[in-house]
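If you use the working numbering, the sequence shown corresponds to residues 437 to 593, in order.
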Amino acid sequence: MTDVQPRACPIAGTLDLVGERWSLLVLREAFMGVRRYADIRANTGAPRDVLTKRLRSLEAAGILERRRYQDRPPRFEYHLTAAGQALEPVLIGLREWGIRHLQDPPPAPRFLHTCGADVETRVVCAACGEPLEGGGLVTVLEEADHSRSDGDRPRSG
Numbered sequence: 437m438t439d440v441q442p443r444a445c446p447i448a449g450t451l452d453l454v455g456e457r458w459s460l461l462v463l464r465e466a467f468m469g470v471r472r473y474a475d476i477r478a479n480t481g482a483p484r485d486v487l488t489k490r491l492r493s494l495e496a497a498g499i500l501e502r503r504r505y506q507d508r509p510p511r512f513e514y515h516l517t518a519a520g521q522a523l524e525p526v527l528i529g530l531r532e533w534g535i536r537h538l539q540d541p542p543p544a545p546r547f548l549h550t551c552g553a554d555v556e557t558r559v560v561c562a563a564c565g566e567p568l569e570g571g572g573l574v575t576v577l578e579e580a581d582h583s584r585s586d587g588d589r590p591r592s593g
């Protein structure tokens, strides 16, 4: 009998950092401007011990940074780092999926662009800009070279 080796990929690595319910809800709150522990706890319903662990793990992963806002007693706010901000399309995509596919989805906050219009996620081809909608994706299973820039990636054609 052979040991099963799970496929290693960036998706699995990302899920190791943010793929747990409470972590995603903490990120939702951070994107909505909620930064203080008590407010995050109230809005997520996370148990204290779980929330403390998630905040620490997101901070250790460089997704959140803790900033002191009060000296006595010491109190902190949690702010998204650049790596945390880069997860914004993921949260928007999860929200959109829930609106479309959950039976009787709860009311969802709107995400607006600075121009005032609703924001939505779109996946487009890096070369031609054509949207990926229900097809057109080819998965290539090979050792990826992550050192290349987007312009150097192989293109079909």
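Don't be surprised by glycine CBs; every beta carbon is placed ideally from N, CA and C.
For this session: Could you tell me the boundaries of the beta strand (DSSP E) in which R503 lies?
Result: L500 to Q506
Exercise. If we ignore side chains and look at the alpha-carbon of each, how far apart do A522 and V486 end up?
Worked result: 24 Å
Exercise. The beta strand (DSSP E) spanning E513 covers which residue range?
Worked result: Following the DSSP letters along the chain, one finds E513 inside the beta strand (DSSP E) bounded by residues R511 to L516.
Problem set entry | P543 to D439 span [Cα, whole Å] | Cα to Cα, P543 sits roughly 45 Å from D439.
Exercise. Going straight from the alpha carbon of I476 to that of C561, what length do you get?
Worked result: 36 Å
Exercise. What residues in its chain sit with their C-beta under 7 Å from that of H515, if we drop five residues either side in the sequence?
Worked result: Around H515: R471, L500, E501 and R503.
Exercise. Looking at F547 and V555, is the spacing between their C-beta atoms short of 7 Å?
Worked result: Between V555 and F547, the C-beta gap is smaller than 7 Å, which places the two residues in contact.
Exercise. Per DSSP, P567 forms a beta bridge with which residues?
Worked result: Beta-bridge annotation (DSSP): P567 is paired with V560.
Problem set entry | Collapsed DSSP secondary structure at R472 in the structure displayed | strand
Problem set entry | Cβ shell of E495 (< 7 Å), same chain only, five flanking positions each side left out | Non-local beta-carbon contacts of E495 in its own chain, meaning distances under 7 Å to residues more than five positions away in sequence, involve E501 and R502 in chain order.
Problem set entry | Own chain partners of P525 with C-beta closer than 6 Å, once the 5 adjacent residues on each side are dropped | T557
For this session: For R465, count neighbouring C-beta atoms within 10 Å of its own C-beta (all shown protein chains included) and say buried if the count is 16 or more, exposed if not.
Result: A quick correction: the sequence has Glu, not Arg, at residue 465. Buried is the call here.
For this session: Give every residue of the same chain whose Cβ lies closer than 7 Å to the Cβ of A497, excluding the five residues on either side of it in the sequence, and list them in chain order.
Result: The beta carbon of A497 lies closer than 7 Å to those of L453 in the same chain, with the five residues before and after it left out.
Exercise. Under the three-state reduction of DSSP, which class applies to L548: helix, strand or coil?
Worked result: strand
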